[in-house]
Ligand code: SF4
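Numbering (the numbering used here), first residue to last: 2 to 300.
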């Protein structure tokens with residue numbers, strides 16, 4: 002059975018002195034009846050798939066609707082010209098988040114972690130660190146950390162926009178990414194949880210409102226906010242800033258908010274940005290032209 006609480010992971014860490022990431026690896030190995038080394042290798046394959054997805058980004062490619070594509074390159078060029086407000090790391094985070102979201106919209110192969118709509122958040126924060134020298138082993142360990150946070154969110158709340166709004170997709174991804182980042186800097190289990198709790202808290206109430214039912218607007222750019230939120234929350238936790246509400250309780254609050262969210266804000270493309278005059282006009286245009294507009298988004 003999937004891990005039901007962050008508290009149980011923290012208890013296991015405290016009782017046995019096992020690192021957070023290894024508790025999750027051992028849990029997965031026991032559940033799948035696999036060797037620890039095989040579970041680690043499986044996660045390594047997932048990481049390689051994220052790297053491959055990033056490498057296969059095509060800046061010249063547009064989605065079928067033509068609504069998204071090519072924006073990641075603009076961020077990279079802007080930064081290369083010395084005009085970005087960001088440092089090297091955060092500029093790369095933004096570019097990777099957009100690139101992965103665009104690749105998803107262009108139907109390219111991505112890793113849905115935790116969902117396709119939020120596929121850019123975790124690789125965006127980790128790939129620049131990896132390219133800058135963070136050991137592969139550390140990155141793989143951090144993916145176990147993020148996987149554990151995601152597993153508990155899925156068990157106690159939701160990771161689907163149709164159930165809990167975008168807070169359940171981008172919010173969950175952001176919490177997972179923040180937790181992973183803390184691990185890459187050798188943060189404590191408590192700091193991992195504080196970072197994830199802050200990240201999810203910051204995105205509580207975020208609605209799912211994909212224009213024309215396509216995972217493009219606002220989804221691609223929301224990957225950026227999920228990633229940048231993760232970076233700032235990880236840094237806050239590593240600086241010693243704590244979160245008053247424990248992560249399990251933040252997750253429960255997210256589940257409660259999601260359940261209370263009206264249907265128009267849960268992937269039906271009938272509320273929020275999808276219901277604006279321009280959002281509706283885009284939908285009509287796409288439907289009239291080539292049927293690119295979809296029924297409720299598939300994430
Ligand atoms: S707006 Fe909806 S479809 Fe788009 S990323 Fe968020 S949850 Fe997914």
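All residues carry an ideal CB built from backbone N, CA and C; glycine is no exception.
Secondary structure of residue 110 (DSSP, three-state): coil.
When the five nearest sequence neighbours on each side are left out, the beta carbons in the same chain lying within less than 7 Å of the beta carbon of residue 142 are those of 22, 184, in order along the chain.
As DSSP reads the structure, residue 267 sits in a beta bridge with 209. Residue 91 sits in a helix when the DSSP states are folded into three classes. Within the region 124-207, complete beta strand (DSSP E) segments of at least 3 residues are not found at all. Distances from the CA of residue 62 to each of 100, 264, 52 were compared; the closest alpha carbon is that of 100. The alpha-carbon of residue 82 is positioned some 30 Å away from that of residue 216.
Residue 157 sits buried, since 16 or more C-beta atoms from the chains shown fall within 10 Å of its C-beta.
At a cut-off of 6 Å, the beta-carbon of residue 162 counts as near the ligand SF4: some heavy atom of the ligand is closer than that. The region 211-231 makes no contact with the region 29-41: fewer than 3 CB pairs, one atom from each, lie closer than 8 Å.
Between residue 230 and residue 204 a beta carbon distance of about 7 Å is seen, short of the 8 Å cut, so the two are scored as contacting.
Distances from the CB of residue 170 to the heavy atoms of the ligand SF4 include at least one below 6 Å.
Straight-line spacing of the CA atoms in residue 110 and residue 248 works out to 32 Å.
Comparing C-alpha distances from residue 200 to each of 213, 177, 210 shows the shortest one belongs to 177. Residue 193 and residue 233 have their C-alpha atoms spaced approximately 13 Å apart.
Put simply, of 65, 13, 254 the residue whose alpha carbon is nearest the alpha carbon of residue 172 is 254. Under the Cβ criterion (8 Å, minimum of three pairs), the region 120-132 counts as touching the region 79-97. The shortest C-alpha to C-alpha distance from residue 114 to any of 129, 208, 260, 148 is the one to 148. Collapsing the DSSP output to three states places residue 63 in coil. Only exposed fits residue 290, as fewer than 16 other CB atoms lie within 10 angstroms of its CB.
A distance criterion of 6 Å places the beta-carbon of residue 216 in contact range of the ligand SF4, judged by its closest non-hydrogen atom.
Distances from the CB of residue 118 to the heavy atoms of the ligand SF4 include at least one below 6 Å. Pairing residue 169 with residue 162, the inter-Cα distance amounts to about 6 Å.
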